[in-house]
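Undergrad:
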Amino acid sequence: MQFESFSSFLAMGGYAFYVWMSFGVTFGAMLLFVIVSYRQHRSLLKHVIKEQERQIRIQNARKKSRTL
Amino acid sequence: MWKWLHPYAKTENAYQLCLTLQPWLWAGAILCLITGSVWGLAFAPQDYQQGDSFRIIYIHVPSAILSMGTYMAMAVAALVGMVWQWRTAYMSMIAMAPVGALMTFIALFTGAAWGKPMWGAWWVWDARLTSELILLFLYMGVIALYGAFEDKQQAGKAAGVMALVGVVNVPIIHYSVEWWNTLHQGATISKFDNPSIAPEMLWPLLINLFGFALFIGALTTVRLRSEIVCREQHRPWVQKLAKSYEEKH
């Protein structure tokens, strides 16, 4: 460990603001991107299911109108 | 020689490959990023000139190198798409673009946060910074151009041409610190035979570089899967996939 205490580790030799901001924004942005990407994937799969059901409904409605 | 690659031109195989690789890439990325960052933040020695502010290097340099690396990977995908007419190649190109843009943003942001205490300015219009900013615009251009076409195969071609033309910017970024007199410091680790950094400082940097690369790979697999589902949503295998997903949740 390069620092004598935890508080001096947090202080980063006076550069706390810049160092922690950099690391915070970096990993924050990365995490956000991961969450957004997974959410997108999930909503996309849901969209595919909905679209499929819609196609089935349309086909059923056509069959019905033909029989009437 | 390249025959083993050909099955992955099929979207279904590419999707499966992504699923197989994904957990390993995530595990490796998390492991490397935690090790590298903790080592760099707490255990690496102080810089004799810059004190503790130099610790930003552990995210700045990996993200900057990989913003260029991702761009090259994206351009290679675009070239493969054009030469072999692979739809999957365009899909992976567009899956990589936002990830590369994220890396470029991180490089610019951490650069600004490092520049403020060291140079006294968040931003200067010098060659290195400006060319990196152009890289961000190139990524955005590729994403926007791809989004502007209804026909995604056309979109892939257009965005691919743009990605390929933009490659000219990558060597400009790399050599900008040699070609122009800039405020930005010279290369640190690309001189492999004689890196101008102490080994105790270099190891966490290399680990983080590896971690960022794995992260990019992992996120690309997720985004590529989304792109495949989006483009192939009328294929039976995608519909089966969506159904099995629904049953699980």
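Those sequence lines, one after another, are chains H and C. Residues 1 to 68, numbered by the working numbering, are exactly what the first sequence covers, in order. Residues 1001 to 1249, numbered by the working numbering, are exactly what the second sequence covers, in order. Ideal Cβ positions, reconstructed from N, Cα and C, are used throughout, including at glycine.
#1: Compare the C-beta of residue 1018 (chain C) against all C-beta atoms of chain H and say whether one is closer than 7 Å.
#2: Less than 7 Å between CB atoms is the rule here; does residue 37 (chain H) satisfy it with respect to chain C?
#3: Does the Cβ-Cβ distance between residue 1103 (chain C) and residue 1131 (chain C) come in under 7 Å?
#4: By Cβ distance below 6 Å, which residues in the same chain neighbour residue 1018 (chain C) in space, the five residues on each side in sequence not counted?
#5: For residue 1091 (chain C), count the other beta carbons within 10 Å of its own beta carbon; 16 or more makes it buried, fewer makes it exposed. Which is it?
#6: Do residue 1139 (chain C) and residue 1100 (chain C) have their CB atoms nearer than 7 Å?
#7: So, is residue 1204 (chain C) buried or exposed, given that buried needs 16 or more other C-beta atoms within 10 angstroms?
#8: If the cut is a Cβ gap below 8 Å, which residues of chain C does residue 26 (chain H) touch?
#9: Can you check whether the C-beta of residue 56 (chain H) is within less than 7 Å of a C-beta belonging to chain A?
#10: Considering only the beta carbon of each residue, do residue 1145 (chain C) and residue 1169 (chain C) sit closer than 7 Å?
#11: By alpha-carbon positions, which one of C:1038, C:1158, C:1050 ends up nearest to residue 1117 (chain C)?
#12: Please state if the CB of residue 56 (chain H) and the CB of residue 1246 (chain C) are separated by a distance shorter than 7 Å.
#13: Which class does residue 1047 (chain C) belong to by DSSP, given the choice of helix, strand or coil?
#14: In chain C, what lies closer than 8 Å to residue 2 (chain H) by C-beta?
#15: Is there contact here, the stretch 1036 to 1043 of chain C with the stretch 1197 to 1215 of chain C, by at least three beta-carbon pairs under 8 Å?
#16: Looking only at its own chain, which residues have a Cβ that is under 7 Å from the Cβ of residue 1200 (chain C), when we skip the five neighbours before and after it?
#17: Could you check which residue in C:1053, C:1167, C:1152 has the C-alpha nearest to that of residue 21 (chain H)?
#18: Give the single residue among C:1087, C:1218, C:1106, C:1003 whose Cα lies nearest to the Cα of residue 28 (chain H).
#19: Given a cut-off of 7 Å, decide if residue 1164 (chain C) and residue 1025 (chain C) are closer than it, judged by their beta-carbon atoms.
#20: Kindly list, in the order they appear in chain C, the residues whose Cβ is closer than 7 Å to that of residue 7 (chain H).
#21: I want to verify the contact list: residues of chain C whose CB lies under 8 Å from the CB of residue 53 (chain H), in sequence order.
#22: Answer yes or no: does any C-beta atom of chain H fall closer than 7 Å to that of residue 1102 (chain C)?
#23: Pick out whichever of C:1241, C:1248, C:1156, C:1126 has its Cα sitting closest to the Cα of residue 1093 (chain C).
TA: This is what the structure gives:
#1: Locating residue 1018 (chain C) in the second sequence gives position 18, where the first residue counts as 1. Output row for residue 1018 (chain C): interface = no.
#2: Counting from 1 along the first sequence, the entry for residue 37 (chain H) is found at position 37. So, interface residue.
#3: Locating residue 1103 (chain C) in the second sequence gives position 103, counting from the first residue. Locating residue 1131 (chain C) in the second sequence gives position 131, counting from the first residue. Against a cut-off of 7 Å, the Cβ pair of residue 1131 (chain C) and residue 1103 (chain C) comes out as no contact.
#4: Position 18 of the second sequence, counting from 1, holds the residue named residue 1018 (chain C). Contacts found: 1221, 1224, 1225.
#5: For the purposes of this step, residue 1091 (chain C) is taken as the residue at position 91 of the second sequence. Classification of residue 1091 (chain C): buried, given that the 10 Å Cβ count is 16 or more.
#6: Walking along the second sequence from the start, residue 1139 (chain C) turns up at place 139. Walking along the second sequence from the start, residue 1100 (chain C) turns up at place 100. Cβ distance < 7 Å, so residue 1139 (chain C) and residue 1100 (chain C) count as in contact.
#7: For the purposes of this step, residue 1204 (chain C) is identified with residue 204 of the second sequence, where counting begins at 1. By the neighbour-count rule (16 or more Cβ atoms within 10 Å), residue 1204 (chain C) is buried.
#8: Here residue 26 (chain H) corresponds to residue number 26 of the first sequence, with the count starting at 1. What residue 26 (chain H) touches in chain C: 1059, 1063, 1106, 1109, 1110.
#9: No chain A appears in this structure, whose protein chains are H and C.
#10: On the second sequence, position 145 is the one that residue 1145 (chain C) refers to. On the second sequence, position 169 is the one that residue 1169 (chain C) refers to. Against a cut-off of 7 Å, the Cβ pair of residue 1169 (chain C) and residue 1145 (chain C) comes out as no contact.
#11: As a first step, residue 1117 (chain C) is located in the second sequence; it is residue number 117 there, counting from the start. The residue with the shortest Cα to Cα distance from residue 1117 (chain C) is C:1050.
#12: As a first step, residue 1246 (chain C) is located in the second sequence; it is residue number 246 there, counting from the start. As a first step, residue 56 (chain H) is located in the first sequence; it is residue number 56 there, counting from the start. No, these two residues do not count as a Cβ contact at 7 Å.
#13: The residue labelled residue 1047 (chain C) in the question sits at position 47 within the second sequence. It is a strand residue.
#14: Taking the first residue of the first sequence as position 1, residue 2 (chain H) is located at position 2. The answer, in chain order, is 1042, 1043, 1044, 1045, 1046.
#15: yes
#16: As a working note, residue 1200 (chain C) is residue 200 in the second sequence. Correct list, in chain order: 1044, 1045.
#17: Within the first sequence, numbered from 1, the residue matching residue 21 (chain H) stands at position 21. Closest option to residue 21 (chain H), Cα to Cα, is C:1053.
#18: If you number the first sequence from 1, residue 28 (chain H) lands on position 28. Residue 28 (chain H) has its Cα closest to that of C:1106, out of C:1087, C:1218, C:1106, C:1003.
#19: Sequence index remark: in the second sequence, residue 1025 (chain C) carries index 25 (1-based). Sequence index remark: in the second sequence, residue 1164 (chain C) carries index 164 (1-based). Taking 7 Å as the Cβ cut-off, residue 1025 (chain C) and residue 1164 (chain C) do not qualify as a contacting pair.
#20: Here residue 7 (chain H) is taken as the residue at index 7 of the first sequence, counted from 1. Result: empty, since nearest Cβ-Cβ is about 13 Å, beyond 7 Å.
#21: For the purposes of this step, residue 53 (chain H) is taken as the residue at position 53 of the first sequence. What residue 53 (chain H) touches in chain C: nothing, since even the nearest Cβ is about 10 Å away.
#22: As a working note, residue 1102 (chain C) is residue 102 in the second sequence. Yes, because at least one Cβ of chain H sits closer than 7 Å to the Cβ of residue 1102 (chain C).
#23: The residue labelled residue 1093 (chain C) in the question sits at position 93 within the second sequence. Checked all of C:1241, C:1248, C:1156, C:1126; the closest Cα to residue 1093 (chain C) is C:1156.
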